[in-house]
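**Q** The opening position of the sequence shown corresponds to residue 173 in the numbering used here, with each subsequent residue numbered one higher.
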Amino acid sequence: MSCLSRSTNSLYPAIIRSCKRSLAGFHHNHENNESCSSIKQKYFSTSTRRDNRCLVIGSSGALGSAVCEYLHSSKISSVLVGADMKPPSDSDSVLDHFVSLDDDGEGGSGSLQRLTRTLMSGLEKADDDDDNLSFDAVICTAGGWMPSVDYTSEDYLMSVEKMIQQNLYPVIAASQVAATRLNRKGLFVAIGASAALAPTPDMIGYGLAKNAVHHVIQTLGKRGQLPIDSPTVTAILPNVLDTPANRNSFPSEGTDYDSWTKTESVAEEIGNWIVNPDLRPHSGSLLRVFPERELGYKAVFRLVR
173 MSCLSRSTNS LYPAIIRSCK RSLAGFHHNH ENNESCSSIK QKYFSTSTRR DNRCLVIGSS
233 GALGSAVCEY LHSSKISSVL VGADMKPPSD SDSVLDHFVS LDDDGEGGSG SLQRLTRTLM
293 SGLEKADDDD DNLSFDAVIC TAGGWMPSVD YTSEDYLMSV EKMIQQNLYP VIAASQVAAT
353 RLNRKGLFVA IGASAALAPT PDMIGYGLAK NAVHHVIQTL GKRGQLPIDS PTVTAILPNV
413 LDTPANRNSF PSEGTDYDSW TKTESVAEEI GNWIVNPDLR PHSGSLLRVF PERELGYKAV
473 FRLVR
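Below, the structure is given as structure tokens:
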């Protein structure tokens, strides 16, 4: 099995490359009599300059909120667009734009075509504020979980359909955004599930939907599938995300929450990929993420496909 394993703060290769580039720039500018202070300002500044544009689909959920907060606090994104059924709960939202996916006011988007149309038309409205809005990263964190019910009941069909709507439809809609608005060498990230790498007893709808997400990412990651130059398409597969909803679904007694993946760890890794393309996995890859006990429960990302 191919394996890429590191904690979320392993940035040393990128730092070394950055230093080499900076020194090369230093010598070049020194020959042109550029002052040392201006060189320092240009190559080693800690200013709040932000050059990337990011779309986060599922921005109001626990993981989506963590991603938005990280991208904002790290000064990674100059334009941060969120899309979700519900608007951000915080009045001081970090988003520059918000696209509501609840086109009927009832908390549902209906069909895949309807969801995609709502998303695309919302982005067209955002174009009014930022002409021809395109993205360096499209990140789909939307999703949900529910157990299967009695296979003989009508609720069984409902549970499968709901899991497909919540987990697969947003990724398909996001893929059309990536195909039309992702910049050259852009990043497209979706959230899969480690559980869906194997049979999923008692949650067949969830496993089915997440396995389909894996298929979408592996297919779009093939060369020439997206009509842009050198995109990176990848999926992060957590074991269990440590979110309020998941904690409510599992009793605290006997549950080791330290073994769950923190949303901040996933957000940090995505942020690293945005600003350091050399740290990205290959396009079409699936990466498991889980806290490593021997590393003090730091999140470890391992390439599985």
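Cβ coordinates follow ideal geometry from the N, Cα and C atoms, glycine included.
Looking at VAL476: is its Cβ nearer than 7 Å to the Cβ of ARG465?
**A** no
**Q** Looking only at C-alpha atoms, which of LEU291, ASN224, GLN285 and ARG395 sits nearest to SER231?
**A** LEU291
**Q** What ranges does the beta strand (DSSP E) occupy inside the stretch 315-340, keeping only unbroken runs of at least 3 residues that lie completely in it?
**A** The stretch 315-340 contains no whole beta strand (DSSP E) run of 3 or more residues.
**Q** For ASN224, which residues does DSSP report across the bridge?
**A** SER249
**Q** Would you give the residue range spanned by the alpha helix (DSSP H) that GLU436 belongs to?
**A** 435-447
**Q** Per the DSSP calculation, ARG474 is bridged to which residue(s)?
**A** Looking at the DSSP output, ARG474 bridges to ARG460.
**Q** Along the chain, where does the alpha helix (DSSP H) containing VAL385 start, and where does it finish?
**A** Residues 376-392.
**Q** Once you ignore the five residues that flank ASP299 on each side, which residues in its own chain have a CB closer than 8 Å to its CB?
**A** Non-local C-beta neighbours of ASP299 in its own chain, meaning closer than 8 Å and more than five positions away in sequence, comprise LEU305, ordered along the chain.
**Q** Checking 7 Å against the spacing of the C-beta atoms, do LEU409 and SER366 come in under that value?
**A** yes
**Q** Report yes or no: do three or more beta-carbon pairs, one from the stretch 250-264 and one from the stretch 376-383, lie closer than 8 Å?
**A** no
**Q** Tell whether a beta-carbon distance below 7 Å holds between LEU359 and TRP445.
**A** yes
**Q** Might you give, ordered along the chain, the residues of its own chain that have their beta carbon closer than 6 Å to the beta carbon of ALA417, omitting 5 neighbours on each side?
**A** none
**Q** Looking at the structure shown, is ASN355 part of a helix, part of a strand, or coil, going by DSSP?
**A** strand
**Q** Taking the runs of the alpha helix (DSSP H) that are 4 residues or longer, which of them lie wholly in the stretch 396-421?
**A** 416-421
**Q** Does the beta-carbon of GLN337 have 16 or more other beta-carbons within 10 angstroms, so that it is buried, or is it exposed?
**A** Counting Cβ neighbours within 10 Å, GLN337 comes out buried, since at least 16 surround it.
**Q** Pairs of beta-carbons, one from the stretch 317-328 and one from the stretch 260-270, closer than 8 Å: are there three or more?
**A** Segments in contact, no.
**Q** Less than 6 Å between C-beta atoms, sequence neighbours within five positions excluded: which residues of the same chain meet that for SER402?
**A** Closer than 6 Å at Cβ, skipping near neighbours: LYS357.
**Q** Give me, in chain order, the residues of the same chain whose beta-carbon lies closer than 6 Å to that of ASP308; leave out the 5 immediate sequence neighbours on both sides.
**A** ASN224, ARG225, ASN355 and GLY358
**Q** Give me whichever residues DSSP pairs with ALA255 in a beta bridge.
**A** ILE229 and VAL271
**Q** In terms of residue numbering, what span does the alpha helix (DSSP H) encompassing ALA298 cover?
**A** 284-298
**Q** According to DSSP, is ASP262 part of a helix, a strand, or is it coil?
**A** coil
**Q** Excluding the five sequence neighbours on either side, which residues of its own chain have a C-beta within less than 6 Å of the C-beta of GLY393, listed in chain order?
**A** Excluding residues within five positions, the ones whose Cβ falls inside 6 Å are VAL405, SER455 and GLY456.
**Q** Can you tell me whether THR391 is buried or exposed, with buried defined as 16 or more other CB within 10 angstroms of its CB?
**A** exposed
**Q** By DSSP, does ASP450 sit in helix, in strand, or in coil?
**A** helix
**Q** Could you give the DSSP three-state label for ASP430: helix, strand or coil?
**A** In the three-state scheme derived from DSSP, where H, G and I count as helix and E and B as strand, ASP430 is classed as helix.
**Q** Buried or exposed for ALA350, going by 16 or more other Cβ atoms inside 10 Å?
**A** buried
**Q** On a Cα-Cα basis, can you pick out the residue from THR352, TYR328 and VAL228 that is closest to ILE400?
**A** If we check each option's Cα against that of ILE400, THR352 comes out closest.
**Q** Is the CB-CB distance between LEU243 and THR313 below 7 Å?
**A** Not a contact, by the Cβ cut-off of 7 Å.
**Q** Give me the Cα-Cα distance between ALA407 and VAL343, rounded to the nearest whole angstrom.
**A** Distance between the alpha carbons of ALA407 and VAL343: 10 Å.
**Q** Does the beta-carbon of MET335 have 16 or more other beta-carbons within 10 angstroms, so that it is buried, or is it exposed?
**A** buried
**Q** Suppose the cutoff is 8 Å on Cβ atoms and the five residues either side in sequence are ignored; what does the same chain contact list for TYR429 look like?
**A** So the list reads ASP414 and ARG419, once near-sequence residues are dropped.
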